[in-house]
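Keeping their order, the protein sequence lines are chains A and B. When you read off a place in the first sequence, starting at 1, and then add 116, the result is the number in my numbering. When you read off a place in the second sequence, starting at 1, and then add 341, the result is the number in my numbering.
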Amino acid sequence: DAGVTQSPTHLIKTRGQQVTLRCSPKSGHDTVSWYQQALGQGPQFIFQYYEEEERQRGNFPDRFSGHQFPNYSSELNVNALLLGDSALYLCASSLVGGNSPLHFGNGTRLTVT
Amino acid sequence: GESVGLHLPTLSVQEGDNSIINCAYSNSASDYFIWYKQESGKGPQFIIDIRSNMDKRQGQRVTVLLNKTVKHLSLQIAATQPGDSAVYFCAENFATGGGNKLTFGTGTQLKVEL
């Protein structure tokens, strides 16, 4: 039973560029959430997708956008990259409904230079 | 505001001893709490969860205690092993609109000494 998989594992981009990160949820899960984890900090909620729609959003600018596909996989897009966007981006999947534990992937390490 | 905090950034224990990691939360409306373990280079790994209608829940070698009166959560690890060395996060959930929106603390580094 495959867990949450993310690609790529590492990525280096230049300020102003755009990036797309990808996530495949755990088998049987239908909800995908994205988190940003700065070095030495806890993960911060970006947004959550269910039925191909953004369901909830955290305190992140519109430069951060996402998409969910019919097979439940998801993408995170970040436009106009800033140095401060350097972080570990985590994808988590779960079943719809509150109080369902999130299962995380190992993340994509994004470095913006 | 919404926040989850941890009392100690680093906890060192001897192998075989019990570990207790504490966490304070601020939102009395939170109804679901989760403990995660994160090893270097990996994503958070689910350990145990507890709903707000419970005070205690036990898993394999781990116990979570919830004190809603003082908004306190703790994770107890019995017979701590070297493989338990990691950063531990507590997270609280605001189940608005049916979704999971977890708020994490900054984490506690658990170091197991041989």
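Ideal Cβ placement from N, Cα and C applies to all residues, glycine included.
| task | Check the Cβ of Ser-216 (chain A) against every Cβ in chain B and list those closer than 7 Å, keeping chain order. | result | Start at 1 with the first residue of the first sequence, and residue 216 (chain A) comes out as number 100. Simply Asn-441.
| request: List the residues of chain A whose Cβ lies closer than 8 Å to the Cβ of Arg-392 (chain B), in chain order. | output: Stepping through the second sequence from its first residue, residue 392 (chain B) is reached at position 51. Those within 8 Å of Arg-392 (chain B) in chain A are Asn-215.
| said: Can you tell me whether Asp-178 (chain A) is buried or exposed? The criterion is at least 16 other CB atoms within 10 Å of its CB, across all chains shown. | reply: Here residue 178 (chain A) refers to the residue found at position 62 when the first sequence is read from its first residue. Counting Cβ neighbours within 10 Å, Asp-178 (chain A) comes out exposed, since fewer than 16 surround it.
| request: Starting from Lys-383 (chain B), find everything on chain A with Cβ-Cβ shorter than 7 Å and list it in chain order. | output: By 1-based counting over the second sequence, the position of residue 383 (chain B) is 42. What Lys-383 (chain B) touches in chain A: Asn-222.
| said: Using a Cβ-Cβ distance cut-off of 8 Å, determine whether Ile-375 (chain B) contacts chain A. | reply: Taking the second sequence and counting its residues from 1, one reaches residue 375 (chain B) at position 34. Closer than 8 Å to some Cβ of chain A, the Cβ of Ile-375 (chain B) qualifies, so yes.
| query | If contact means a Cβ-Cβ distance below 8 Å, which residues of the segment 176–196 of chain A contact chain B? | reply | none
| said: Using a Cβ-Cβ cutoff of 7 Å, what residues of the segment 196–207 of chain A are near chain B? List them in chain order. | reply: Leu-206
| request: Can you pull the chain A residues whose beta carbon is under 8 Å from the beta carbon of Gly-446 (chain B), in chain order? | output: Taking the second sequence and counting its residues from 1, the one referred to as residue 446 (chain B) is at position 105. In chain order: Gly-158.
| Just the Cα atoms here: how many angstroms apart are Gly-119 (chain A) and Ile-418 (chain B)? | Start at 1 with the first residue of the first sequence, and residue 119 (chain A) comes out as number 3. Start at 1 with the first residue of the second sequence, and residue 418 (chain B) comes out as number 77. If I take the Cα positions, the gap works out to 25 Å.
| message | Quick check on the DSSP output: what are the complete beta strand (DSSP E) runs of length 3 or more inside the segment 375–431 of chain B, in order along the chain? | response | 386–392, 397–399, 403–408 and 413–418
| message | Quick check on this structure: which residue in A:Gln-153, A:Ile-128, A:Val-194 and A:His-126 has the alpha carbon closest to the alpha carbon of Ala-208 (chain A)? | response | The sequence position of residue 208 (chain A) within the first sequence is 92, counting from 1. The candidate whose alpha carbon is nearest that of Ala-208 (chain A) is A:Gln-153.
| task | Could you pull the start and end residues of the beta strand (DSSP E) that Gly-182 (chain A) belongs to? | result | The sequence position of residue 182 (chain A) within the first sequence is 66, counting from 1. Gly-182 (chain A) -> beta strand (DSSP E) spans 180–184.
| field | chain A contacts made by the segment 349–368 of chain B, where a contact means CB separation under 7 Å | value | none
| field | Leu-127 (chain A) - DSSP class collapsed to helix/strand/coil | value | Taking the first sequence and counting its residues from 1, the one referred to as residue 127 (chain A) is at position 11. Leu-127 (chain A) falls in the strand class under three-state DSSP.
| message | Cys-139 (chain A) and Gln-164 (chain A) - do their beta-carbons sit closer together than 8 Å? | response | In the first sequence, counting from the first residue as 1, residue 164 (chain A) sits at position 48. In the first sequence, counting from the first residue as 1, residue 139 (chain A) sits at position 23. Not closer than 8 Å, so no.
| message | Closer than 8 Å is the cut-off here; do at least three beta carbon pairs connect the segment 220–227 of chain A with the segment 381–401 of chain B? | response | yes
| message | Which residue wins for smallest C-alpha separation from Val-411 (chain B), given the options B:Thr-351, B:Asn-363 and B:Glu-356? | response | Along the second sequence, one-based indexing puts residue 411 (chain B) at 70. Residue B:Asn-363 is the option with its Cα nearest to Val-411 (chain B).
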